Amino acid sequence: MATEAAAPLAEGTKPPLPARQRCAEALVLRRWALHVLWDAPVPPALAAAAEACSPGGWALFLGMERCALPLGRAVRPGQVPPHGAAVLEASTLRELQRVLGARAQLRTFAAAAAERGWTVVVLKGGAAVAGGSPPLDLVDVDVLVPRDTAGEVAGFLEGRGYDRHGHDPGVNSASFWHLAARTAPGALMVEVHFTVQGFEPIEETIARAVPLPERPLLRMAPADELWHLLLHGVSHHLNRRGNLRELQLMKAALARCAPADRADVGARVAAHRDAPAMRAVLRMAEWPNGTAPADPFASMAAGGYLAGASRALFASRVLWSDLVDALSALLARDGATRRLWATVPARPDVESAHPAIARLERAAPPVGRAARVLQRVVRLSASFARAVPMAVRARRLADASAPPSS
């Protein structure tokens, strides 16, 4: 299960408080933000608790929730203490820089698509950036193109100085949905999708896409877009369940949905194994302004804060991502742990990312696949050994942070 690293924390120096205390503060700020973002009165006790949070707590909260832009738009004068306002301003600036970078990249895509006759569907946060909606943070740009165009689009990026990271799978691969990521200095990572998990036949999804203001770029049809956000933020990345940035994306997607679109998505949700979690996320996103939504994902958020606070202890991003996957699976409590272990068997059509094991697979496939399985078992076992006590701490922190009336 792939996991994106959270946006960098804004502290820049050794944190002034122990990680556990910063996590507790981040949970307080999450409760406070649920009131602010939904334009609900903040109880005096909660306002006082939020004001008492340290810069480290603010940095951890904003780094993991990635909601500085909408929060900055929603807060009222004097609602954030000066030390919190400084962290919020720095986080907002970083998020805005990424938004402006993405807009520039998408204008380049639009010009190329117009010139070459490409069909380009912008996905998720990129569609929000190009669609005239209030901007939200993003760390990459995902575009969906017809299979026979994917290689040409990737070549176009490489011609503009983007480097390929990893191996490009075949566009008819059953195990991949996009080509290897392309990166360039000062630009957001770009992933060129030739399909999207859960949307086969992809040709029908592309045919339903609707124009963006940045023509000739397209975005998914409203029901498809909401369903994609649910799949991505609930099933594909368990750690994003209830994430404030993801909820803002879903709120905007819901606003674009007609009653028929909502009924369509409701039917898709009912047939999915993660229906309870999807319904809980939708309830939060649909919650009317004026009152703060209930938060069934506080323990998932606490786990994210604990993992974010421990990020500096991991020399490898891959090992940290393994921890996030294991911790999120334990906190989800819906069969996710079993499904994560089910990813251990090596698939013959996927080459290992480890160079030595990849060479062994090419030279002696059975031995190479056995080595890959063993490596995965060791990594996952180590991740769960770290994650189990963290999951216990996350649940305790979430229980301690719950409002008195709950």
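Under this note's numbering, the first residue of the sequence shown carries the number 1223, and numbering increases by one thereafter. Even glycine gets a Cβ: it sits at the ideal position worked out from N, Cα and C. Keep in mind it's a predicted model, so treat the numbers as computed, not measured.
Cut-off 8 angstroms between Cβ atoms - residues of its own chain near residue i, not counting five sequence neighbours on either side
i       : result
Pro1263 : His1257
Leu1328 : Val1344, Gly1348, Val1351, Ala1352, Val1363, Glu1436, Leu1439
His1454 : Lys1346, Arg1462
Val1418 : Leu1345, Leu1366, Trp1399, Ile1424, Thr1427, His1450
Leu1471 : Lys1346, Gly1347, Ala1350, Leu1358, Leu1451, Gly1455
Trp1254 : Val1264, Leu1268, Ala1269, Ala1271, Ala1272
Ala1429 : none
Arg1320 : Asp1359, Leu1360, Val1361, Leu1410
Asp1385 : Arg1404, Thr1405, Ala1406
Contacts around residue i, its chain only, beta-carbon distance under 7 angstroms, and the 5 residues preceding and following it disregarded
i       : result
Phe1331 : Val1342, Val1365, Leu1439
Met1500 : Leu1452, Val1456, Val1491, His1494
Gly1526 : Met1286, Asn1461
Arg1441 : Val1343, Val1344, Ala1349, Gly1353, Ala1431, Val1432, Leu1434, Glu1447
Thr1559 : Ala1551, Leu1552
Gly1204 : Outside the modelled stretch of the chain, which goes from 1223 to 1628, sits residue 1204, for which no answer is possible.
Phe1519 : Arg1463, Gly1464
Leu1582 : Val1589, Gly1590, Ala1593
Leu1619 : Cys1245, Ala1246, Leu1249, Ala1524
Residue from the options whose Cα sits closest to the Cα of residue i
i       : options                            : result
Leu1528 : Pro1265, Val1491, Arg1617          : Arg1617
Pro1265 : Gln1301, Ala1480, Gly1383, Ala1326 : Gln1301
Pro1292 : Gly1526, Ala1474, Pro1407          : Ala1474
Val1610 : Pro1498, Gly1530, Leu1552          : Leu1552
Arg1601 : Asp1547, Leu1284, Ala1613, Cys1275 : Asp1547
Val1432 : Cys1479, Ala1403, Asn1465, Pro1391 : Cys1479
Glu1447 : Leu1535, Ala1477, His1459          : Ala1477
Pro1515 : Ala1624, Arg1539, Ala1489, Gly1408 : Ala1624
Gly1420 : Gly1377, Arg1591, Val1487, Ala1308 : Val1487
Glu1380 : Ala1534, Met1612, Gly1294, Arg1404 : Arg1404
Gly1323 : Ala1334, Arg1581, Glu1583, Pro1407 : Pro1407
Glu1374 : Val1414, Gly1530, Arg1505          : Val1414
His1458 : Met1506, Ala1554, Leu1310          : Ala1554
Pro1510 : Arg1252, Leu1259, Leu1239          : Leu1259
Gly1530 : Trp1542, Ser1521, Ser1538          : Trp1542
Arg1252 : Asp1517, Phe1536, Trp1340          : Asp1517
Nonlocal neighbours in the same chain, by C-beta distance under 6 angstroms from residue i, ignoring five residues either side
i       : result
Asp1483 : Pro1444, Ala1445
Ser1605 : Asp1544, Leu1545, Ala1548
Asp1390 : Leu1401, Ala1402
Met1612 : Leu1528, Leu1549
Trp1340 : Thr1371
Straight-line gap, residue i to residue j (C-alpha atoms, nearest Å)
i       : j       : result
Ser1628 : Leu1358 : Confidence in Ser1628 is poor, its pLDDT being 47 and thus under 50, which makes the residue's placement unreliable; the coordinate value appears in the next sentence. Each residue's Cα considered, the two are about 31 angstroms apart.
Gly1354 : Ala1326 : 14 angstroms
Ala1564 : Leu1410 : 32 angstroms
Leu1401 : His1387 : 9 angstroms
Ala1485 : Phe1416 : 27 angstroms
Asp1496 : Asp1556 : 8 angstroms
Val1599 : Val1566 : 7 angstroms
Arg1338 : Arg1369 : 15 angstroms
Gly1512 : Cys1289 : 19 angstroms
Gln1243 : Glu1468 : 25 angstroms
Ala1607 : Val1503 : 29 angstroms
Arg1382 : Ala1296 : 38 angstroms
Leu1466 : Pro1588 : 45 angstroms
Pro1299 : Ala1534 : 34 angstroms
Ala1334 : Glu1317 : 26 angstroms
Ala1586 : Leu1596 : 15 angstroms
Ala1241 : Phe1378 : 44 angstroms
Leu1562 : Ala1524 : 20 angstroms
Ala1173 : Leu1239 : Summary: the structure shown does not reach residue 1173, with the chain confined to residues 1223 through 1628, and so no result is reported for it.
Val1412 : Ala1372 : 12 angstroms
Met1506 : Met1522 : 15 angstroms
Arg1584 : Ser1603 : 26 angstroms
Ala1308 : Glu1508 : 31 angstroms
Leu1310 : Gly1294 : 7 angstroms
Ser1538 : Ser1532 : 12 angstroms
Gly1392 : Ala1622 : 49 angstroms
Pro1303 : Leu1315 : 18 angstroms
Pro1481 : Ala1489 : 12 angstroms
Glu1422 : Ala1376 : 22 angstroms
Val1540 : Ala1578 : 16 angstroms
Ala1336 : Val1614 : 53 angstroms
Asp1261 : Pro1498 : 26 angstroms
Pro1356 : Pro1626 : 34 angstroms
Proximity test, residue i beta-carbon vs the ligand SAH heavy atom, cut-off 8 angstroms
i       : result
Ala1271 : The ligand SAH is not part of the structure shown, which contains no ligands of any sort.
Taking the runs of the alpha helix (DSSP H) that are 4 residues or longer, which of them lie wholly in the segment 1503-1562?
-> 1520-1531, 1539-1554
Is the segment 1272-1281 touching the segment 1239-1249, taking contact as three or more C-beta pairs under 8 angstroms?
-> Enough Cβ pairs lie closer than 8 angstroms, so yes.
Those runs of the beta strand (DSSP E) which lie wholly inside the segment 1339-1378 and span at least 3 residues = 1362-1366
Report the residue ranges of all beta strand (DSSP E) runs contained in full by the segment 1387-1431; include only those spanning at least 3 residues, in chain order.
-> 1403-1405, 1411-1415
Please specify which runs of the alpha helix (DSSP H), each continuous and at least 4 residues long, are wholly inside the segment 1236-1267, giving them in chain order.
-> 1241-1259
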